Amino acid sequence: MLYRTMQKTGDRLSILGFGAMRLPQLDGKIDEARATRQIRHSIDQGVDYIDTAWGYHRGASEPFVGRALADGYREKVRLATKLPHWAVRSREDMDRFLAQQLERLRTDRIDYYLIHSLDGPGWQRMASLGVIDFLEKAKRDGRIVNRGFSFHGTKEDFGRIVDAYDWDFCQIQYNYLDEHSQAGREGLEYAAAKGLGVVVMEPLRGGKLASGLPPEVESIFGGAAVRRTPAEWALRWIWDHPGVTIVLSGMNDETHIEENLRIAGEAHPNSLTADELQVVGRAAQAYRGSMKIGCTGCQYCMPCPAGVDIQGCFDQYNQVHMPGNKRLTRFFYVVRMGGAMTGKASNASLCKECGNCAKACPQDLPIPDLLKDVSKEFEGFWFKPKVWFLRRGLAVQSWLAAHRPRR
Ligand code: SF4
Ligand code: SF4
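Numbering (our numbering), first residue to last: 693 to 1099.
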């Protein structure tokens, strides 16, 4: 196992982190015996960063991780979990959530605590509710050790959030297809230059970069001078970035775990040759070419005066036209574009057809027309009611979580 140092904290951490968001399941629940074996085996092989969140596995991940880290395993790892900001309604809620998370995880401290899935509006809301005061106090009294945030939003908002507080680390979606999406390479380098540790999530885009690749992409990897699986190409490309501290993998299959452990023992920063980088670059280009909308995620079209998250809309549209879980993509569209978490919608049908974005797009995409396709795909009659119900559901969940009697 290779290790990298988190700049601000000085912690030396395994470059592979175990993500507890896609654990093996049995009869619709976490297969505890198998998942425990997998986590403990990974720790025995050198993994020392475990990442979970309040909402993973519909609330079952944190209590499971607490049990899996019994028998001395808790002390061998740095534990990360996240505050579900969409369920927070007050400054007091933040303390209540954290208290329950400490209880669920059977620990007296969270080593790496993140505000979960922030974007620009989410950050503004949390800042106005007093999240900085919460983080300061929780750090001072030892309930949390390091403060960070995970992010899904635009590059500009990422920079704003990085600059807004003395964060220790951040977590971003990053892989060869998302080099210029969300925080992107620019955001990664910006955060690393400011001394933040960078944890990467979705290195394989939910498995889409590991299997079921478009034939053109398969043949590019197949024709490379070095023989590697698509997953290995994708992981090595991320670890090649010196600014990346940890790559999280939602591992749930023993063969994948062994493969990831092996790669994490070899993937030094700046170790890919120019030819190898070119292979991944060509694969990314071919992958994008096979997508419905050839948006590169550069975000030159942003900001939209009507509040449309253009690249986010195109991303969801491309996802839904690829093999995989379409229901989940539709759900994410309601959550993210509908603003179910933040109250600020950024969906395709908000477009007022001013045309400014299309003039700025280097790919010459007819953005307003394409947004109509996106809206047709995702925003039928039930779109607004779904957003409304989801917001109410989150409010109820938040109230229940905040007022559940402590044991
Ligand atoms: S055309 Fe639509 S999406 Fe593009 S900037 Fe104008 S309002 Fe926004
Ligand atoms: S400018 Fe064009 S390619 Fe860039 S993010 Fe916007 S739509 Fe995509």
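Virtual Cβ for every residue (Gly too), placed ideally from N, Cα, C. Predicted model, so just to flag it, every value in this text is computed and none were measured.
Listed in chain order, the non-local C-beta contacts of residue 1012 below 6 Å within the same chain comprise 1018 and 1021, local neighbours out to five positions each way being set aside.
Distances from the alpha-carbon of residue 792 to those of 909, 822 and 752 put 752 closest.
In this structure, residue 993 has its beta carbon less than 7 Å from a heavy atom of ligand 2. Judged by DSSP in its simplified three-state form, residue 1005 adopts helix. For residue 997 against residue 941, the beta-carbon gap comes to about 39 Å, at or over 8 Å, which does not count as contact. Relative to ligand 1, residue 1004 has its C-beta separated by 7 Å or more from all heavy atoms. Of the heavy atoms belonging to ligand 2, none sits nearer than 7 Å to the Cβ of residue 927. Each of 1086, 915 and 784 was checked against the Cα of residue 970, and the nearest Cα belongs to 915. Taken through DSSP and simplified to helix, strand or coil, residue 705 comes out as strand. In this structure, residue 961 places its C-beta atom within 8 Å of the C-beta atom of residue 932. The alpha-carbon of residue 746 is positioned some 18 Å away from that of residue 709.
In the three-state reduction of the DSSP assignment, residue 891 falls in the strand class. In the displayed model, residue 1025 falls within a helix according to three-state DSSP. If one requires a minimum length of 3 residues, the beta strand (DSSP E) runs lying completely within the region 937-1011 are 938-941, in chain order. In this structure, the CA atom of residue 882 is about 39 Å from the CA atom of residue 724. For residue 837, the uninterrupted beta strand (DSSP E) segment begins and ends at 836-843.
By the beta-carbon neighbour count (other beta carbons within 10 angstroms, threshold 16), residue 1055 is exposed. The DSSP-derived three-state label of residue 874 is coil. Cβ atoms of residue 771 and residue 786 stay farther apart than 8 Å, at about 18 Å. At a Cβ-Cβ threshold of 8 Å, residue 1036 and residue 1009 do not count as neighbours. Around the beta carbon of residue 1046, fewer than 16 other beta carbons sit within 10 angstroms, so the residue counts as exposed.
Here residue 1003 is near residue 989, since their CB atoms are less than 8 Å apart. Between residue 869 and residue 979, the gap from beta carbon to beta carbon is short of 8 Å. Here residue 946 is exposed: its Cβ has fewer than 16 other Cβ atoms, across all protein chains shown, within 10 Å. 1076 is the residue among 817, 1051, 1014 and 1076 whose C-alpha sits nearest the C-alpha of residue 1039. Here the region 886-895 makes contact with the region 696-711; the two share three or more CB pairs at distances below 8 Å.
Residue burial annotation: residue 847 is buried, with at least 16 other C-beta atoms found within 10 angstroms of its C-beta. Note on geometry: alpha-carbon atoms of residue 794 and residue 827 lie some 15 Å from one another. DSSP places residue 768 in the helix class (H, G or I) of the three-state scheme. For residue 696, there is no enclosing alpha helix (DSSP H); the residue is found in the beta strand (DSSP E) stretching over 695-697. Residue 1080 has its alpha-carbon roughly 14 Å from the corresponding atom of residue 1089. Between residue 1034 and residue 859, the C-beta spacing is not below 8 Å.
With respect to the C-alpha of residue 1059, the residue from 991, 968 and 1086 having the closest C-alpha is 991. Here the distance from the Cβ of residue 1057 to the nearest heavy atom of ligand 2 is below 7 Å.
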